[in-house]
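J.:
Chains as they are written, first to last, in the numbering used here: chain A, 1284 to 1604; chain B, 5 to 499.
#1: Using a Cβ cut-off of 7 Å, which residues of the region 329–348 of chain B contact any Cβ in chain A, in chain order?
#2: Identify each residue in the region 1455–1473 of chain A for which the Cβ-Cβ distance to at least one residue of chain B is less than 8 Å, and report them in chain order.
#3: Contact criterion: CB-CB distance below 7 Å. Does residue 309 of chain B meet it with respect to chain A?
#4: Determine the direct distance from the alpha carbon of residue 353 of chain B to that of residue 177 of chain B, and round the result to whole angstroms.
#5: Going along the chain, which residues of its own chain have a beta-carbon closer than 6 Å to the beta-carbon of residue 1347 of chain A, five neighbours each way excluded?
#6: What residues are listed by DSSP as bridge partners for residue 165 of chain B?
#7: I'd like to know if residue 360 of chain B contacts chain A, where contact means its C-beta is closer than 7 Å to some C-beta of that chain.
#8: In the DSSP assignment, the beta strand (DSSP E) including residue 474 of chain B goes from what residue to what residue?
#9: Going by the beta-carbon positions, is the gap between residue 1374 of chain A and residue 1314 of chain A smaller than 7 Å?
#10: Below 8 Å on the Cβ atoms is my guess for residue 1533 of chain A versus residue 1559 of chain A; work out the distance and round it to an integer in Å.
#11: When the cut-off is 7 Å and only beta carbons count, does residue 356 of chain B lie next to chain A?
#12: Under 7 Å between C-beta atoms, does residue 364 of chain B make it to chain A?
#13: Can you grab the Cα-Cα spacing for the pair residue 1537 of chain A / residue 399 of chain B, in whole Å?
#14: Pull out every residue of the region 1335–1369 of chain A whose Cβ sits closer than 7 Å to any Cβ of chain B, in chain order.
#15: Roughly how many whole angstroms lie between the Cα atoms of residue 335 of chain B and residue 1485 of chain A?
#16: Can you look up residue 1303 of chain A in the DSSP assignment and give me helix, strand or coil?
#17: Can you round the beta-carbon distance between residue 517 of chain B and residue 410 of chain B to whole angstroms, since I take them to be within the 8 Å contact cut?
#18: Please say whether residue 60 of chain B and residue 15 of chain B have beta carbons closer to each other than 7 Å?
#19: Please report the Cβ distance between residue 44 of chain B and residue 204 of chain B, rounded to the nearest whole angstrom; I am assuming they are in contact, meaning their Cβ atoms lie under 8 Å.
#20: To the nearest angstrom, report how far apart residue 261 of chain B and residue 484 of chain B are at their CA atoms.
#21: Give the list of continuous beta strand (DSSP E) stretches no shorter than 3 residues that lie fully inside the region 177–253 of chain B.
#22: Report the residues of the region 396–408 of chain B with a CB closer than 7 Å to any CB of chain A, ordered along the chain.
#23: Going by CA-CA distance only, name the one from A/1550, A/1581, A/1571, A/1584 that's closest to residue 1296 of chain A.
#24: Mind reading off the beta-carbon distance from residue 1619 of chain A to residue 1508 of chain A? Whole number of angstroms is fine, and I expect it under 8 Å.
#25: May I ask which residues mark the beginning and end of the alpha helix (DSSP H) holding residue 1489 of chain A?
#26: Once DSSP output is grouped into helix, strand and coil, what is the label at residue 341 of chain B?
#27: As a quick exercise: from A/1421, A/1408, A/1385, pick the residue whose alpha carbon is nearest that of residue 1522 of chain A.
#28: Buried or exposed for residue 345 of chain B, going by 16 or more other Cβ atoms inside 10 Å?
#29: Return yes when the C-beta of residue 97 of chain B is under 6 Å from any heavy atom of the ligand MN, and no when it is not.
#30: Determine the DSSP secondary structure at residue 1406 of chain A, reduced to helix, strand or coil.
#31: Buried or exposed: residue 101 of chain B, going by 16 or more other Cβ atoms within 10 Å of its Cβ?
#32: Taking 7 Å as the threshold (beta carbon to beta carbon), is residue 1489 of chain A in contact with chain B?
#33: Along the chain, which unbroken stretches of the beta strand (DSSP E) at least 3 residues long are found entirely within the region 251–331 of chain B?
#34: Among B/363, B/237, B/67, B/450, which has the Cα closest to the Cα of residue 215 of chain B?
#35: Report buried or exposed for residue 46 of chain B, applying the criterion of at least 16 other Cβ atoms within 10 angstroms of its Cβ.
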């Protein structure tokens, strides 16, 4: 096998390989790691992160970034709780309305970033702050506890007694996202815009429309993630949600979603989240404290990015003409 | 002994001999014009003197020292300063800081002295700009004067100017000429690259004509005239062969009625189906700008566009493409292709609306489409899954053309269709264009290649400075007439 044929393979399999290595490593060093209970826990704990990261990945593949997803989740969760507990609305319409509000926040991000013509990093830094304010005003800075049981079922319940509802939802989201990205014309356009926006425009792609819809779609998944997260915790406070953006960005970059846009697959993204999840869980089990975990996770991210830069450098990249 | 001597300089790029054994001598205290068509080798020549590119063969001798591989630093150390066409100032810094940039290597800059240096310099050359102004606050003409002052602050022994008057109005041209005369009196050798004949005759002592990378002649300004120069600049050997064309064309498809915008004056023209219309002009004449206006990439300010006799308004390239107008852009890599994506993907991206059913892309249809265009355009690749970035320039260009055809364009605007592609691919592109025209597609071809222009066009339109200055039928088009029109000279003068 020549090195030019070898490199893309390394690129493709290095991330799953890292996950497998971590699984083996922790299975060896901790007797509590390789149990159905523990592995299920990892999936349940990370279901909402994966769903949120899927949402974010749409925006990232189109060449943008959305820093506001954490506070979008906060708003969606709080609004949903307010509908159910303070307004006494049934669970299903509350969820639907909350998700609709999430989509509106995404639309706002999209419209703002194309009309202001500023990098989405700055735009969503602005909207992040707005959504933060909104969330605290709506919740009146209080925690809303004792959410209805049928709501909590989404985050805590099981189907057939052993399949977590949140994990099923996560799988459904991953499949839907993979379908949109790989099979539909819309997905193709997202990659095109992220790959070369001007070429996309000159090739007849309605760049602005696609971007706005991308933000809205992204926020739809983020809102679902919020429902899963709040249902798991069983209560709603404005401080729940923020921080997810950084885990999601880390996982996306780990999973091969290029920061420049135009690249990335859902499976890679899921693997990225699971690496972080397994790392956190495993380190917990072997007794490393939270702060040491931060350091390791940061190093893993830098290593992944460094590897990507190295294997994309002209020296490593063989030219074929 | 000449102050600057070029001897036997040659430089070859894939498919182009940019410089071909060029030897020229420049004296201290002279203003020496370099003239030639687009692509004659002017830019390559000045970049070689500046050390920005190294010639394959030949030497540059400055004040008796010979260099075979000059670097930018070495060139600068010999007192060479270049004013390029591109903007090279830092817009957020003051005029004084820009002018004095690179003069002192002190860790703590002496702002007071910088201001004084700048003020003295500007006053000496009679330029009325405050040294404290930020460069971004100046109009572009004054920025250009600052750019020149910045070069003069280094007290250069050789000053190279590439089209220095392009952003200037008449008044500033006078200040520029005053600056040039003073600098010349100090014994600086000035190399003045321009295609504005009146300026060359006003300021230059000698004129060197380049053509196809070769040195044609060096003449004293007093011993020559415009017509002689134009004849020398063109006189190109027409060696390539072009596909036979029937020359019959159909109905008018595209009509511009005083279409104005993107920096161009109102332009009216019409194109028939099956016709190849050449669009000529010097760099900066507004050709690409016109194409971008037609294809909806830039909105028109006023005027009317008619397609098949019906008035249309394009708000985006998508509108134009759906109506049947496609652009094959000048910058393949930046505007035409998705380098990281497969060939199949690149070909189908503009045709998704024909390949999609219930939002889903029909993969077998997509593959068939890509295969059909691969075969038709002879795209050489082991697989349609190959990344476009891995293809040669010629094959990349074919992919861009395939993409435009797949989107079912009936009017195709080719912007420099054969730039940077090798001879074989070039012939294939010509054959393809002829074939498309025979099928009834209307082609607008922007080209800086005179031979291609004359060889392919049924009709030639010439732009100068944003104005449509002439239309030449195939039979009456000559290199001299095209270049006279493009240089802004009156038609009858050169004919």
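Even glycine gets a Cβ: it sits at the ideal position worked out from N, Cα and C.
T.: Short version:
#1: 331, 333, 338, 339, 340, 341, 342, 344, 345
#2: 1466, 1467, 1468, 1469, 1471, 1472
#3: Here residue 309 of chain B corresponds to residue number 305 of the second chain, with the count starting at 1. No, because no Cβ of chain A sits closer than 7 Å to the Cβ of residue 309 of chain B.
#4: For the purposes of this step, residue 177 of chain B is taken as the residue at position 173 of the second chain. For the purposes of this step, residue 353 of chain B is taken as the residue at position 349 of the second chain. Answer to the nearest angstrom: the Cα atoms are 48 Å apart.
#5: For the purposes of this step, residue 1347 of chain A is taken as the residue at position 64 of the first chain. So the list reads 1403, once near-sequence residues are dropped.
#6: Numbered from its first residue, the second chain carries residue 165 of chain B at position 161. According to DSSP, residue 165 of chain B bridges with B/87, B/196.
#7: Your numbering for residue 360 of chain B matches position 356 in the second chain. By this cut-off, residue 360 of chain B is an interface position.
#8: The sequence position of residue 474 of chain B within the second chain is 470, counting from 1. Unbroken beta strand (DSSP E) run through residue 474 of chain B: 471–477.
#9: For the purposes of this step, residue 1374 of chain A is identified with residue 91 of the first chain, where counting begins at 1. For the purposes of this step, residue 1314 of chain A is identified with residue 31 of the first chain, where counting begins at 1. Cβ distance not < 7 Å, so residue 1374 of chain A and residue 1314 of chain A don't count as in contact.
#10: Within the first chain, residue 1533 of chain A is the residue found at index 250, counting from 1. Within the first chain, residue 1559 of chain A is the residue found at index 276, counting from 1. Their Cβ separation, rounded to whole angstroms, is 6 Å, which keeps residue 1533 of chain A and residue 1559 of chain A in contact under 8 Å.
#11: Translated into the one-based positions of the second chain, residue 356 of chain B becomes position 352. With 7 Å as the cut-off, residue 356 of chain B counts as an interface residue toward chain A.
#12: The sequence position of residue 364 of chain B within the second chain is 360, counting from 1. So yes, residue 364 of chain B belongs to the interface.
#13: Walking along the first chain from the start, residue 1537 of chain A turns up at place 254. Walking along the second chain from the start, residue 399 of chain B turns up at place 395. So the two alpha carbons sit approximately 34 Å from each other.
#14: none
#15: Locating residue 335 of chain B in the second chain gives position 331, where the first residue counts as 1. Locating residue 1485 of chain A in the first chain gives position 202, where the first residue counts as 1. Taking the straight line joining both Cα atoms gives about 12 Å.
#16: Here the question's residue 1303 of chain A lines up with position 20 in the first chain. The answer is helix: DSSP assigns residue 1303 of chain A an H, G or I state.
#17: Absent from the structure is residue 517 of chain B, since the part of chain B shown begins at 5 and ends at 499.
#18: To locate residue 15 of chain B, count along the second chain from 1; it is residue 11. To locate residue 60 of chain B, count along the second chain from 1; it is residue 56. Cβ distance < 7 Å, so residue 15 of chain B and residue 60 of chain B count as in contact.
#19: As a first step, residue 44 of chain B is located in the second chain; it is residue number 40 there, counting from the start. As a first step, residue 204 of chain B is located in the second chain; it is residue number 200 there, counting from the start. Contact flag wrong, Cβ pair sits at about 15 Å.
#20: In the second chain, residue 261 of chain B corresponds to position 257, counting from 1. In the second chain, residue 484 of chain B corresponds to position 480, counting from 1. About 28 Å.
#21: 193–197, 210–215, 218–224
#22: 396, 407
#23: Counted from its first residue, the first chain places residue 1296 of chain A at position 13. Nearest option by C-alpha distance: A/1550.
#24: Absent from the model: residue 1619 of chain A. The displayed extent of chain A is 1284 to 1604, so no value can be given.
#25: Within the first chain, residue 1489 of chain A is the residue found at index 206, counting from 1. Careful: residue 1489 of chain A lies outside any alpha helix (DSSP H) and carries neither H nor E.
#26: Counting from 1 along the second chain, the entry for residue 341 of chain B is found at position 337. The answer is coil: DSSP assigns residue 341 of chain B none of H, G, I, E or B.
#27: Residue numbering aside, residue 1522 of chain A sits at position 239 when the first chain is read from its first letter. If we check each option's Cα against that of residue 1522 of chain A, A/1421 comes out closest.
#28: The sequence position of residue 345 of chain B within the second chain is 341, counting from 1. It is buried - the Cβ of residue 345 of chain B has at least 16 other Cβ atoms within 10 Å.
#29: Among the components modelled here there is no ligand, and therefore nothing to report on the ligand MN.
#30: Within the first chain, the letter at position 123 stands for residue 1406 of chain A. Reduced to three states, the DSSP call for residue 1406 of chain A is helix.
#31: Residue 101 of chain B sits at position 97 when you count from the first residue of the second chain. Classification for residue 101 of chain B: buried.
#32: Indexing the first chain from 1 puts residue 1489 of chain A at position 206. It does; some Cβ of chain B falls within 7 Å.
#33: 256–265, 268–276, 280–284, 306–311, 314–316
#34: Translated into positions along the second chain, residue 215 of chain B becomes position 211. With distances taken between Cα atoms, residue 215 of chain B lies closest to B/237.
#35: Position 42 of the second chain, counting from 1, holds the residue named residue 46 of chain B. With 16 or more Cβ atoms within 10 Å of its Cβ, residue 46 of chain B is classed as buried.
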